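Trainee:
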Amino acid sequence: MASSQLKYMSLSVLVLQTTSLVLTMRYSRTLQAEGPRYLASSAVVLAEVMKILTCVLLVFKEHNYSLRALNSVLRQEILYKPIETLKLAIPSGIYTLQNNLLYVALSNLDAATYQVTYQLKILTTALFSVSMLGRRLGFYQWLSLLILMVGVALVQVGCSFMSKEAHSAGSQIVGVAAVLVACCSSGFAGVYFEKILKESKQSVWVRNIQLGMFGFVFGLFGMLVYDGDRVREAGMLQGYNVRLPISPWQALGGLVIAAVIKYADNILKGFATSLSIILSTLISYFLLQDFDPTRNLNKYKNKYIIRSP
Ligand code: C5P
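Each residue of the sequence shown is one higher than the one before, counting from 3 in our numbering.
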């Protein structure tokens, strides 16, 4: 397949995946039966396991379904190149930190302010792409970033008056600070991963296995710290029989993001996810007729407890 086809296909899949994840998360609660909730921290670990297994299958396919070749690639690229593997600990650790900062942000801001302010990550991504990858942006690209900044500033001014949830000025500052740091980490981690991908010939799926391995370790650590007692009491898989887990969607999201970074770039990824915010809002408004972002975004809070890449 031509690279421009792969680029637009991966971007379209990202828009569809993000939009359907948002809608699934909103409606999963109505589908859930009575019973214990599954642990958000264990969903993170399961998502990492799914990502790693899927990437192993993709590497297997890349090597014409030869077990011997798969074994040799995994050994050569992961085990025998510890420094290369360790490089992936950086974006992985930053993503873990970022996902927790977003949890702090969601606890202190109303959903609309959070959602729009977080789009500033497109700006940080652009600045990191220019400084770390030497990318040049055209006039219209800078102009769209400027419009984005004006939009975010307007939301900062407007949302505090319109919000249905009362947040004190103090918590607004904590929330905005958390989102701003998350914007920087999102930009840096994404561009760092892109740099690693584009500077070496190694398959994106091998890189994702390396990233996922660290994500798994960080996620497991988070699960034991946050939910250690509950895991010891009722096991890691408690609540999955009666609840609709979102781990497969999250795992798919990670894989699609990796493909987008490989075939397109981080800046386009940012605009694609912004497009999905507009799409899910329109679907909610016209098809589901229950548009109330302030209420609905609170459900996202679970997603961000120690959610590693
Ligand atoms: O908000 P942002 O676009 O920075 O979020 C990226 C998300 O994608 C993070 O939650 C990260 O864990 C995930 N990711 C992934 N695999 C990659 C790159 C990012 O799962 N290769």
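For every residue, glycine included, the Cβ atom is placed at its ideal position computed from N, Cα and C. Predicted model only: the values in this text are computed from it and were never measured.
In whole angstroms, what is the alpha-carbon distance linking R137 and T127?
Mentor: As a first step, residue 137 must be located in the sequence shown, where it is residue number 135. As a first step, residue 127 must be located in the sequence shown, where it is residue number 125. Roughly 11 Å separates the two Cα atoms.
Trainee: How far does the alpha helix (DSSP H) with M238 in it reach, from first residue to last?
Mentor: On the sequence shown, residue 238 is found 236 positions in, with the first residue counted as 1. Element bounds for M238: n/a, residue is neither H nor E.
Trainee: Determine the closest residue to L23 out of F218, S43 and G256, with distance taken between C-alpha atoms.
Mentor: On the sequence shown, position 21 is the one that residue 23 refers to. Considering only alpha carbons, the answer is G256.
Trainee: Tell me whether Q252 is buried or exposed, calling it buried when 16 or more other Cβ atoms sit within 10 Å of its Cβ.
Mentor: Residue mapping note: residue 252 aligns to position 250 of the sequence shown, counting from 1. Its Cβ being crowded by 16 or more others within 10 Å, Q252 is buried.
Trainee: Whole-angstrom Cβ separation of F218 and V47, contact assumed at under 8 Å?
Mentor: Here residue 218 is taken as the residue at index 216 of the sequence shown, counted from 1. Here residue 47 is taken as the residue at index 45 of the sequence shown, counted from 1. Contact flag correct, Cβ pair sits at about 6 Å.
Trainee: Distance, Cα to Cα, G172 vs Q117?
Mentor: Position 170 of the sequence shown holds residue 172. Position 115 of the sequence shown holds residue 117. Looking at the two C-alpha atoms, the distance is approximately 19 Å.
Trainee: Helix, strand or coil for Q143? Go by DSSP, reduced to three states.
Mentor: Within the sequence shown, numbered from 1, the residue matching residue 143 stands at position 141. Here Q143 sits in helix by DSSP.
Trainee: Check whether the Cβ of S249 lies closer than 8 Å to any heavy atom of ligand 1, and answer yes or no.
Mentor: Locating residue 249 in the sequence shown gives position 247, where the first residue counts as 1. False, no ligand heavy atom lies under 8 Å from that Cβ.
Trainee: Helix, strand or coil: how does DSSP classify A4 here?
Mentor: Taking the first residue of the sequence shown as 1, we reach residue 4 at position 2. The answer is coil: DSSP assigns A4 none of H, G, I, E or B.
Trainee: By a C-beta neighbour count over all protein chains shown, 10 Å radius and 16 as the cutoff for buried, is R234 buried or exposed?
Mentor: Translated into the one-based positions of the sequence shown, residue 234 becomes position 232. Per the 10 Å Cβ criterion, exposed.
Trainee: By the DSSP assignment, the alpha helix (DSSP H) with N102 in it spans what residues?
Mentor: For the purposes of this step, residue 102 is identified with residue 100 of the sequence shown, where counting begins at 1. Residues A91 to N110.
Trainee: Put S173 into one of helix, strand or coil per three-state DSSP.
Mentor: Locating residue 173 in the sequence shown gives position 171, counting from the first residue. Correct three-state label for S173: helix.
Trainee: So for Y67, helix, strand or coil by DSSP?
Mentor: Taking the sequence shown and counting its residues from 1, the one referred to as residue 67 is at position 65. If DSSP states are grouped into helix, strand and coil, Y67 belongs with coil.
Trainee: Compute the Euclidean distance between the alpha carbons of L284 and V157, then round it to the nearest angstrom.
Mentor: What you label residue 284 is simply residue 282 of the sequence shown in a count that begins at 1. What you label residue 157 is simply residue 155 of the sequence shown in a count that begins at 1. Distance between the alpha carbons of L284 and V157 is about 19 Å.
Trainee: For ligand 1, I want to know if S14 counts as a neighbour, meaning its beta carbon is within less than 8 Å of at least one of the ligand's heavy atoms.
Mentor: One-based indexing of the sequence shown puts residue 14 at position 12. Answer for S14: no, Cβ out of range of ligand 1.
Trainee: For D231, which three-state DSSP category applies?
Mentor: Translated into the one-based positions of the sequence shown, residue 231 becomes position 229. In the structure shown, D231 sits in a helix (DSSP, three-state: H, G or I).
Trainee: Considering just the uninterrupted stretch of the alpha helix (DSSP H) at L270, what are its terminal residues?
Mentor: Here residue 270 corresponds to residue number 268 of the sequence shown, with the count starting at 1. N268 to L284 is the extent of the alpha helix (DSSP H) around L270.
Trainee: Specify whether the stretch 80-89 and the stretch 220-239 touch according to this definition: at least 3 beta carbon pairs, one from each stretch, less than 8 Å apart.
Mentor: Result no; under three Cβ-Cβ pairs closer than 8 Å.
Trainee: With 16 other CB atoms within 10 Å as the buried threshold, where does L104 fall?
Mentor: Position 102 of the sequence shown, counted from the start, is the residue given in the question as residue 104. Answer is buried; the Cβ neighbour count reaches 16.
Trainee: Can you find the residues in the same chain that come closer than 8 Å, C-beta to C-beta, to L281, ignoring five residues on each side of it along the sequence?
Mentor: Indexing the sequence shown from 1 puts residue 281 at position 279. Cβ within range, chain order: V17 and T21.
Trainee: DSSP three-state call for M11: helix, strand or coil?
Mentor: Your numbering for residue 11 matches position 9 in the sequence shown. Three-state DSSP puts M11 in a helix.
Trainee: Report all residues from its chain with a CB closer than 7 Å to the CB of P250; omit the five preceding and five following residues, and keep chain order.
Mentor: Along the sequence shown, one-based indexing puts residue 250 at 248. Answer for P250: M52, listed in chain order.
Trainee: Given M225, which residues of its chain have a CB within under 8 Å of its CB, disregarding the five upstream and five downstream residues?
Mentor: Position 223 of the sequence shown holds residue 225. L41, S43, S44, V46, V47, V233, M238 and I308, listed in sequence order.
Trainee: Does the stretch 204-217 touch the stretch 74-83, meaning 3 or more C-beta pairs lie closer than 8 Å?
Mentor: Flag = yes, the stretch 74-83 and the stretch 204-217 touch.
Trainee: Run the CB neighbour count on V227, radius 10 Å, all protein chains shown included, and call it buried at 16 or more, exposed below.
Mentor: For the purposes of this step, residue 227 is taken as residue 225 along the sequence shown, with counting starting at 1. The residue is exposed, with fewer than 16 neighbouring Cβ atoms inside 10 Å.
Trainee: Under the three-state reduction of DSSP, which class applies to R77: helix, strand or coil?
Mentor: Taking the first residue of the sequence shown as 1, we reach residue 77 at position 75. It is helical.
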